[in-house]
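J.:
Number of protein chains: 2
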Amino acid sequence: MNETAKRIVSGVGIGAVVIFALSYDVYGWIFPFCLVAVFALLGLYEFQVLTDRGLDGSAFRKTAFVFSVLILLAFYARFLTIKDPEALHQSELHVLLRTWFYPAATNLVPLLMIALLVASSALQILSRPLDGAIYSISVTVSGVFYTTIGVGYALLLYALPAGLFYLILFALIPISSDTGAYFAGRWFGRHNAGLKVSPRKTWEGYIGGVVLSVLVVNGFLYGWTEYARSQDWPLPNIAMLEISLLGVIMSFVSVIGDLAESAFKRDAKIKDSAQTIPGHGGILDLADALFFAFPVGYFYLVLRQVAGFTLV
Amino acid sequence: MNETAKRIVSGVGIGAVVIFALSYDVYGWIFPFCLVAVFALLGLYEFQVLTDRGLDGSAFRKTAFVFSVLILLAFYARFLTIKDPEALHQSELHVLLRTWFYPAATNLVPLLMIALLVASSALQILSRPLDGAIYSISVTVSGVFYTTIGVGYALLLYALPAGLFYLILFALIPISSDTGAYFAGRWFGRHNAGLKVSPRKTWEGYIGGVVLSVLVVNGFLYGWTEYARSQDWPLPNIAMLEISLLGVIMSFVSVIGDLAESAFKRDAKIKDSAQTIPGHGGILDLADALFFAFPVGYFYLVLRQVAGFTLV
Numbered sequence: 019m020n021e022t023a024k025r026i027v028s029g030v031g032i033g034a035v036v037i038f039a040l041s042y043d044v045y046g047w048i049f050p051f052c053l054v055a056v057f058a059l060l061g062l063y064e065f066q067v068l069t070d071r072g073l074d075g076s077a078f079r080k081t082a083f084v085f086s087v088l089i090l091l092a093f094y095a096r097f098l099t100i101k102d103p104e105a106l107h108q109s110e111l112h113v114l115l116r117t118w119f120y121p122a123a124t125n126l127v128p129l130l131m132i133a134l135l136v137a138s139s140a141l142q143i144l145s146r147p148l149d150g151a152i153y154s155i156s157v158t159v160s161g162v163f164y165t166t167i168g169v170g171y172a173l174l175l176y177a178l179p180a181g182l183f184y185l186i187l188f189a190l191i192p193i194s195s196d197t198g199a200y201f202a203g204r205w206f207g208r209h210n211a212g213l214k215v216s217p218r219k220t221w222e223g224y225i226g227g228v229v230l231s232v233l234v235v236n237g238f239l240y241g242w243t244e245y246a247r248s249q250d251w252p253l254p255n256i257a258m259l260e261i262s263l264l265g266v267i268m269s270f271v272s273v274i275g276d277l278a279e280s281a282f283k284r285d286a287k288i289k290d291s292a293q294t295i296p297g298h299g300g301i302l303d304l305a306d307a308l309f310f311a312f313p314v315g316y317f318y319l320v321l322r323q324v325a326g327f328t329l330v
Numbered sequence: 019m020n021e022t023a024k025r026i027v028s029g030v031g032i033g034a035v036v037i038f039a040l041s042y043d044v045y046g047w048i049f050p051f052c053l054v055a056v057f058a059l060l061g062l063y064e065f066q067v068l069t070d071r072g073l074d075g076s077a078f079r080k081t082a083f084v085f086s087v088l089i090l091l092a093f094y095a096r097f098l099t100i101k102d103p104e105a106l107h108q109s110e111l112h113v114l115l116r117t118w119f120y121p122a123a124t125n126l127v128p129l130l131m132i133a134l135l136v137a138s139s140a141l142q143i144l145s146r147p148l149d150g151a152i153y154s155i156s157v158t159v160s161g162v163f164y165t166t167i168g169v170g171y172a173l174l175l176y177a178l179p180a181g182l183f184y185l186i187l188f189a190l191i192p193i194s195s196d197t198g199a200y201f202a203g204r205w206f207g208r209h210n211a212g213l214k215v216s217p218r219k220t221w222e223g224y225i226g227g228v229v230l231s232v233l234v235v236n237g238f239l240y241g242w243t244e245y246a247r248s249q250d251w252p253l254p255n256i257a258m259l260e261i262s263l264l265g266v267i268m269s270f271v272s273v274i275g276d277l278a279e280s281a282f283k284r285d286a287k288i289k290d291s292a293q294t295i296p297g298h299g300g301i302l303d304l305a306d307a308l309f310f311a312f313p314v315g316y317f318y319l320v321l322r323q324v325a326g327f328t329l330v
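Just so you know, the sequences run in chain order A and B.
Using our numbering, read the first sequence as starting at 19 and increasing by one per residue.
Using our numbering, read the second sequence as starting at 19 and increasing by one per residue.
1. To the nearest angstrom, report how far apart residue 252 of chain B and residue 248 of chain A are at their CA atoms.
2. Taking beta-carbon pairs under 9 Å, can you tell me which members of the stretch 100-124 of chain B lie near chain A?
3. Tell whether a beta-carbon distance below 8 Å holds between residue 64 of chain B and residue 292 of chain B.
4. Does any C-beta atom of chain B lie closer than 8 Å to the C-beta of residue 94 of chain A?
5. Where DSSP assigns a beta bridge to residue 299 of chain B, which residues make up the other side?
6. Okay, do the stretch 110-124 of chain B and the stretch 141-160 of chain B touch, 3+ Cβ pairs below 8 Å being the bar?
7. Pop quiz: residue 164 of chain B and residue 75 of chain B are said to be a contact at Cβ under 8 Å. What is the actual Cβ separation, rounded to whole angstroms?
8. Quick one: which chain B residues come within Cβ less than 9 Å of residue 284 of chain A?
9. Please go through the same chain and pick out, in chain order, the residues whose beta-carbon is closer than 6 Å to the beta-carbon of residue 158 of chain B, but skip the five residues on each side of it.
10. With a cut-off of 8 Å on the beta carbons, I'd call residue 235 of chain B and residue 207 of chain B a contact; round off their distance for me.
11. Mind listing the chain B neighbours of residue 213 of chain A? Cutoff is C-beta to C-beta under 8 Å, in chain order.
12. Got a sec, what are the start and stop residues for the alpha helix (DSSP H) residue 285 of chain B sits in?
13. Nearest to residue 303 of chain B by CA position, among B:128, B:321, B:278, B:320, is which residue?
14. Residue 136 of chain B CB to nearest chain A CB: under 8 Å?
15. Check residue 81 of chain B in the structure and name its three-state DSSP category.
16. Using the C-alpha atoms, what's the distance from residue 26 of chain A back to residue 319 of chain B?
17. Counting contacts by CB-CB distance shorter than 8 Å, is residue 238 of chain A in contact with chain B?
18. Taking C-alpha atoms, which residue in B:59, B:41, B:178 lies nearest to residue 99 of chain B?
19. Who are the neighbours of residue 323 of chain A on chain B, taking C-beta pairs under 7 Å?
20. Measure the C-alpha to C-alpha separation of residue 34 of chain B and residue 129 of chain B and round it to an integer number of angstroms.
21. With 9 Å as the limit, tell me which residues of the stretch 166-187 of chain A have their beta carbon closer than that to any beta carbon of chain B; keep them in chain order.
22. Where does residue 125 of chain B fall in DSSP's three states?
23. Could you compute how far the alpha carbon of residue 214 of chain A sits from the alpha carbon of residue 202 of chain A?
24. Short of 8 Å Cβ to Cβ, which residues in the stretch 258-292 of chain B face chain A?
25. Along the alpha helix (DSSP H) that carries residue 66 of chain B, what are the first and last residues, could you check?
26. Which residues does DSSP pair with residue 210 of chain A in a beta bridge?
27. Between residue 115 of chain A and the rest of its own chain, which residues show a CB-CB distance below 8 Å, the 5 nearest in sequence each way excluded?
28. Assign residue 148 of chain B to one of three DSSP states: helix, strand, or coil.
29. Decide if residue 219 of chain A is buried, meaning its Cβ has at least 16 other Cβ atoms within 10 Å, or exposed.
30. For the candidate residues B:240, B:299, B:195, whose alpha-carbon lies nearest to that of residue 257 of chain B?
31. Does the separation of the CB atoms of residue 272 of chain A and residue 192 of chain A fall below 8 Å?
32. Taking DSSP as the reference, what is the three-state secondary structure of residue 215 of chain B?
33. Expressed to the nearest angstrom, what Euclidean distance is found between the alpha-carbon atoms of residue 200 of chain B and residue 194 of chain B?
34. Can you give the beta carbon distance from residue 167 of chain A to residue 267 of chain A, rounded, assuming they're within the 8 Å contact cut?
35. Roughly how many angstroms lie between the CA atoms of residue 255 of chain A and residue 171 of chain A, to the nearest whole one?
36. From what residue to what residue does the alpha helix (DSSP H) around residue 119 of chain B run?
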């Protein structure tokens, strides 16, 4: 099987797992939580391998994992509160989780990040040589930040009334952007974009990515609205002009996410972040753009509320 | 004037400015906000100088400053909402700030941090060579994190009904811990603690720091309670046993904060973080322990609520 075929098969396989996980509400939406946790922790592991410089510094791996799980629980507790405020369909364990990880509607994420900073400083002081202190502590904190908070907002998106719509929307844009760039670059590519991190990419490619994104989001909005109306689901209150603008912005963000991961790999002098997924490389290679797309998309929706739109 | 005298004079001077800033409510408590902003931005500047490795990587300074200010505004908007929920005594500008920086009671801090990660990735890709990408992006993000969020929680502490009590409490512990360690180390120091970052410190010194912290917090609790009762202020609902325990924990945290900053400086091979404050060095040298003490103390108070205590 060649690389492209492997890529398509494993891509479809992962898509099927994701759709399955989002379709069934078992034990307080445990599947979406597990899915997010798998992406975050595998991504974090790959980031730690990528940034390991041996004696020159490396992340505090176990501590980072513990805090990644705690932060995911803080996101999950918020998710549970939004999905089912009265906890009518939740177990005692879920209620306990909400009490401790979303106390009095306080977002524990910044506090847990500070606790991680304190813990990794303590470990640095007690167990490592002096050289590389800044590097080790910084990559511990920023690795958890990049992977865990990146996907944590996927859960919060999913908790919105039209959450599935936005979740698919923000996942479709990086895929369309990538695909559009690939074909536009091959067919029309003339003017090199001159980025050191990705020297063969052309301006025509990037423009193709933006164009395909705008087309796909409009097609998706149309299809979803029709289907949601027939199923009596909440309709996303977003117009063609706005979703086109969002397609442009998010296409740009997903290119940044993609190139940032390439920059990390080139800085570390490796090709793929791992060999977890046949044809794709590692989780970071597959999901690099999503780590940026979900939180930035969520941020957009939050600011949109201020402008008078309800968060549907 | 010798170093110790300089240290005392400038320490008292700064103390006077802080007390003045906290005493008057002018234009929506603008003084405490400015004070916090000065600490955060000077600390961030020193951190950026400290972590600058030239061609091997350095923080994206201007972008970090912009995001530091945005994050401070998010803290300030929350502070304003807690202090005066109905905005009865606030200007239109304050109300606008609350609408945009604390929209629907959403904590924007994690989202702004992600936006900083996206922005510094974009800058790295567009304007810098490939080597040092991981270092540059990581120190940009963790620098803002360390300094801005560190002091941001000081504002939220101050917004509590007995906020001034906790603010002074969490500032007193590092000072007592430091002073106790200095004298106990001089008088009783026999057994070297063996930490590479601070090779002359002894176990007796650290124990002395903890002991003085416990004594000082109890003395402060007693004095404050008496005075608050006479002035009809809200009384802090914390008992001797709990405040002693808190003294021990926070003394440990402040030692970590102090040593972490030493580790950064030794890693960077410099002695003082700057020469801003006569006798002390830089803001980071003066306030290193506070960057950890305020958020960890706030975290403690949040978790304390879950155990049934009201946040007074």
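All C-beta atoms in this analysis are idealised placements derived from N, C-alpha and C, irrespective of residue type, glycine included.
Just so you know, these numbers come straight off a predicted model, no measurement behind them.
T.: The structure says:
1. Locating residue 252 of chain B in the second sequence gives position 234, counting from the first residue. Locating residue 248 of chain A in the first sequence gives position 230, counting from the first residue. Each residue's Cα considered, the two are about 57 Å apart.
2. 117, 118, 121, 122, 123, 124
3. As a working mapping, residue 64 of chain B is identified with position 46 in the second sequence. As a working mapping, residue 292 of chain B is identified with position 274 in the second sequence. Going by C-beta atoms, residue 64 of chain B is nearer than 8 Å to residue 292 of chain B.
4. On the first sequence, position 76 is the one that residue 94 of chain A refers to. No, because no Cβ of chain B sits closer than 8 Å to the Cβ of residue 94 of chain A.
5. Taking the second sequence and counting its residues from 1, one reaches residue 299 of chain B at position 281. DSSP, once it has assigned bridges, lists B:295 as partnering residue 299 of chain B.
6. no
7. Sequence index remark: in the second sequence, residue 164 of chain B carries index 146 (1-based). Sequence index remark: in the second sequence, residue 75 of chain B carries index 57 (1-based). At roughly 17 Å, the Cβ-Cβ gap does not stay under 8 Å, so residue 164 of chain B and residue 75 of chain B are not in contact.
8. Sequence index remark: in the first sequence, residue 284 of chain A carries index 266 (1-based). Scanning chain B for C-beta atoms nearer than 9 Å to the C-beta of residue 284 of chain A yields 148, 149, 151, reported in chain order.
9. What you label residue 158 of chain B is simply residue 140 of the second sequence in a count that begins at 1. In chain order, 77, 78, 82, 138 place their CB closer than 6 Å to the CB of residue 158 of chain B, counting only its own chain and leaving out the 5 sequence neighbours on each side.
10. By 1-based counting over the second sequence, the position of residue 235 of chain B is 217. By 1-based counting over the second sequence, the position of residue 207 of chain B is 189. Between residue 207 of chain B and residue 235 of chain B the Cβ distance is about 24 Å, and since that is not below 8 Å, they are no contact.
11. Counting from 1 along the first sequence, the entry for residue 213 of chain A is found at position 195. Within chain B, the residues near residue 213 of chain A are 143, 144.
12. Here residue 285 of chain B refers to the residue found at position 267 of the second sequence. Per DSSP, residue 285 of chain B belongs to the alpha helix (DSSP H) from 258-286.
13. For the purposes of this step, residue 303 of chain B is identified with residue 285 of the second sequence, where counting begins at 1. Nearest of B:128, B:321, B:278, B:320 to residue 303 of chain B, Cα basis: B:278.
14. Mapped onto the second sequence, residue 136 of chain B falls at position 118. It does: the Cβ of residue 136 of chain B has a partner Cβ on chain A nearer than 8 Å.
15. Position 63 of the second sequence holds residue 81 of chain B. It is helical.
16. Sequence index remark: in the second sequence, residue 319 of chain B carries index 301 (1-based). Sequence index remark: in the first sequence, residue 26 of chain A carries index 8 (1-based). Approximately 51 Å, taken between the alpha carbons.
17. The residue you call residue 238 of chain A lines up with position 220 of the first sequence. At a cut-off of 8 Å, the C-beta of residue 238 of chain A has no neighbouring C-beta in chain B.
18. As a working note, residue 99 of chain B is residue 81 in the second sequence. Ranked by how close their Cα comes to the Cα of residue 99 of chain B, the residues B:59, B:41, B:178 have B:178 in first place.
19. Mapped onto the first sequence, residue 323 of chain A falls at position 305. Correct list: 121, 122.
20. The residue you call residue 34 of chain B lines up with position 16 of the second sequence. The residue you call residue 129 of chain B lines up with position 111 of the second sequence. Residue 34 of chain B and residue 129 of chain B: Cα-Cα distance of roughly 36 Å.
21. Of all residues in the stretch 166-187 of chain A, only 167, 168, 170, 171 come within less than 9 Å of chain B when Cβ atoms are compared, listed by chain position.
22. Residue 125 of chain B sits at position 107 when you count from the first residue of the second sequence. In this structure, residue 125 of chain B counts as coil in the three-state DSSP scheme.
23. One-based indexing of the first sequence puts residue 214 of chain A at position 196. One-based indexing of the first sequence puts residue 202 of chain A at position 184. In this structure, the CA atom of residue 214 of chain A is about 20 Å from the CA atom of residue 202 of chain A.
24. 271, 274, 275, 277, 278, 281, 282, 284, 285, 286
25. Counted from its first residue, the second sequence places residue 66 of chain B at position 48. Residues 48-68.
26. Counted from its first residue, the first sequence places residue 210 of chain A at position 192. In the DSSP output, where bridge partners are listed per residue, residue 210 of chain A has A:220.
27. Here residue 115 of chain A is taken as the residue at index 97 of the first sequence, counted from 1. Cβ neighbours of residue 115 of chain A beyond the five flanking positions: 91, 94, 95, 98.
28. For this step, residue 148 of chain B is matched to residue 130 along the second sequence. The three-state reading of DSSP puts residue 148 of chain B in coil, since its state is none of H, G, I, E or B.
29. Position 201 of the first sequence, counting from 1, holds the residue named residue 219 of chain A. Counting Cβ neighbours within 10 Å, residue 219 of chain A comes out buried, since at least 16 surround it.
30. As a working mapping, residue 257 of chain B is identified with position 239 in the second sequence. When only C-alpha atoms are compared, the closest one is B:240.
31. Sequence index remark: in the first sequence, residue 272 of chain A carries index 254 (1-based). Sequence index remark: in the first sequence, residue 192 of chain A carries index 174 (1-based). Contact: yes.
32. On the second sequence, residue 215 of chain B is found 197 positions in, with the first residue counted as 1. Of the three classes helix, strand and coil, the one that applies to residue 215 of chain B here is coil, per DSSP.
33. Position 182 of the second sequence, counted from the start, is the residue given in the question as residue 200 of chain B. Position 176 of the second sequence, counted from the start, is the residue given in the question as residue 194 of chain B. Cα atoms of residue 200 of chain B and residue 194 of chain B: separation of roughly 10 Å, rounded to the nearest angstrom.
34. The count along the first sequence starts at 1 and reaches residue 167 of chain A at position 149. The count along the first sequence starts at 1 and reaches residue 267 of chain A at position 249. Contact doesn't hold; Cβ gap of about 20 Å is too wide.
35. Here residue 255 of chain A refers to the residue found at position 237 when the first sequence is read from its first residue. Here residue 171 of chain A refers to the residue found at position 153 when the first sequence is read from its first residue. Cα-Cα distance, rounded: 20 Å.
36. Position 101 of the second sequence, counted from the start, is the residue given in the question as residue 119 of chain B. For residue 119 of chain B, the enclosing alpha helix (DSSP H) stretches over residues 110-119.
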